[in-house]
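Numbering (full-length UniProt numbering), first residue to last: 1 to 124. Yeah, the Cβ is synthetic: ideal placement off N, Cα and C, and Gly gets one too. The structure presented is a predicted model; accordingly, all values stated were derived computationally and were not measured.
In structure tokens:
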């Protein structure tokens, strides 16, 4: 999960929508943008989507922001809580260790992969 606080008026944050289009995000002053990552989305059994985002700068103005990032520690098994699984909402993802997944995914990310493969990695 990422909490982002933009400290000035310079825009540039974009999020990929369901139609595959990048849309500009214009946060209100003194507010936070909350973006869920893949592991959080998997932990919620897919009930909330993860946010693919990027920063597109235009012009020469400096953009200031502060980000707070959280993720499970290595060795911790991320699993869907039993309260989120029932007949209408079957378990979509098997338990996984994020650190083990990152050993596989990180080299792909460095090579320019735009989307995580976590859902493919731990889908039931």
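Exercise. For the region 65-79 and the region 89-102, state whether three or more C-beta atom pairs, one from each stretch, are separated by less than 8 Å.
Key: yes
Quiz item: What separation, rounded to the nearest whole angstrom, lies between the Cα atoms of residue 2 and residue 20?
Solution: 21 Å
Quiz item: Quick one: what's got a C-beta closer than 6 Å to residue 10's C-beta in the same chain, skipping five residues either side?
Solution: 61 and 63
Quiz item: CB residue 48 to CB residue 36, shorter than 8 Å?
Solution: yes
Self-check item: Range of the contiguous beta strand (DSSP E) that encloses residue 55
Solution: Per DSSP, residue 55 belongs to the beta strand (DSSP E) from 53-55.
Self-check item: Reduced DSSP secondary structure (H/G/I, E/B, other) of residue 13
Solution: strand
Quiz item: Ordered along the chain, which non-local residues of its own chain (more than five positions away) have a Cβ less than 7 Å from that of residue 101?
Solution: 118 and 121
Exercise. Would you identify the three-state DSSP class for residue 104, choosing helix, strand or coil?
Key: helix
Quiz item: Using a Cβ-Cβ cut-off of 7 Å (strictly less than) and excluding sequence neighbours within five positions of residue 44, which residues of its own chain qualify?
Solution: 84
Quiz item: Which class does residue 28 belong to by DSSP, given the choice of helix, strand or coil?
Solution: coil
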